[in-house]
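So the sequence shown is residues -19 to -1, 1 to 121, counted in mature numbering (1 follows the signal peptide of the UniProt record, and there is no 0).
Using N, Cα and C, we set each Cβ at its ideal position, and we do this for glycine too.
None of the values given here were measured: they were computed from a predicted structure.
Single-structure report; data block below.
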Amino acid sequence: MRKLIVLSAGMIAAGTVAAQSPDLTRDQAQAKLTAAGYESVRDLKMDDGFWEADARRADGRWIDVRVHPASGKVYAEDTTAKLDAEAVGRKLTAAGYTNVRDIDFDDGVWTADARTRDGAEVDLAVDPDDGTVLVEHPDD
């Protein structure tokens, strides 16, 4: 039993470190935004599990953008979501989350508050196209 507890604690700690260490470097996130057609990027920083920045589109308009640190997918505030809030709620419930609430479309991704299977309160960021949970972190 003691080995199981130590192993579980180690896995939790490793997961926490992995969640805090982005797969993409700042320069790689910048390159993803440039490749997506943004002409200028400013204030690029890691925040809430994403690389976030202000970026200028080809038409000169500045918008908020996010880059997922594992996939490199770019999410822009002017993105049109394929899923609506109700569909996101169903996807999260099917994934095992309970008490799903406060679903909101924010800067290109769906966000929600929920409880995990073990009852922990979490903030979620969800892909607007397929409902994949992109980021889960303790509710603050």
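With C-beta atoms as the reference, is residue 179 less than 9 Å away from residue 64? In the structure as shown, the chain starts at -19 and stops at 121, and residue 179 therefore has no counterpart that could be examined.
Using 8 Å as the cut-off, can you tell me whether the segment 56 to 73 makes contact with the segment 82 to 98, which would need three or more C-beta pairs spanning the two stretches below that distance? yes
Considering only residues of the same chain and omitting the five flanking positions on each side of residue 17, which have a CB-CB separation below 6 Å? On the sequence shown, residue 17 is found 36 positions in, with the first residue counted as 1. These residues qualify, in order along the chain: 55.
To the nearest angstrom, how far is it from the Cα of residue 206 to the Cα of residue 44? Nothing about residue 206 can be read from this structure; the chain reaches only from -19 to 121.
Since I believe residue 105 is in contact with residue 73 (beta carbons under 8 Å), could you give me their beta-carbon distance rounded to a whole number of angstroms? As a position in the sequence shown, residue 73 is number 92, starting the count at 1. As a position in the sequence shown, residue 105 is number 124, starting the count at 1. That pair is a contact at about 7 Å.
Which residues in the same chain have their Cβ closer than 6 Å to the Cβ of residue 6, if we skip the five residues on either side of it in sequence? The residue you call residue 6 lines up with position 25 of the sequence shown. Here the set comprises nothing.
Which residues does DSSP pair with residue 44 in a beta bridge? The residue you call residue 44 lines up with position 63 of the sequence shown. Note: residue 44 sits in a beta bridge opposite 36.
Please name the residue in 91, 76, 34 and 39 whose C-alpha comes closest to that of residue 62. Translated into positions along the sequence shown, residue 62 becomes position 81. Of the listed residues, the one whose Cα sits closest to residue 62 is 91.
Does the Cβ of residue 13 have 16 or more other Cβ atoms within 10 Å, making it buried, or fewer, making it exposed? Counting from 1 along the sequence shown, the entry for residue 13 is found at position 32. So residue 13 ends up on the buried side.
Which residues DSSP lists as bridging residue 131, in chain order: The structure shown has nothing for residue 131, since the chain only spans -19 to 121.
Grab me the residues of residue 136's own chain with a C-beta within less than 7 Å of its C-beta, minus the 5 sequence neighbours each way, in chain order. An answer regarding residue 136 cannot be provided, because it is not within the stretch -19 to 121 covered by the chain.
Using the beta-carbon count (16 or more within 10 Å), is residue 47 buried or exposed? Locating residue 47 in the sequence shown gives position 66, where the first residue counts as 1. By the 10 Å Cβ count, residue 47 comes out buried.
Between the Cα of residue 39 and those of 19, 28 and 98, spot the shortest distance and give me the residue it belongs to. On the sequence shown, position 58 is the one that residue 39 refers to. Cα-wise, what sits closest to residue 39 is 19.
For residue -17, is the classification buried or exposed, using 16 other Cβ atoms within 10 angstroms of its Cβ as the cut-off for buried? In the sequence shown, counting from the first residue as 1, residue -17 sits at position 3. The predicted position of residue -17 is uncertain, since its pLDDT is 38 and thus under 50; no value can be drawn from it.
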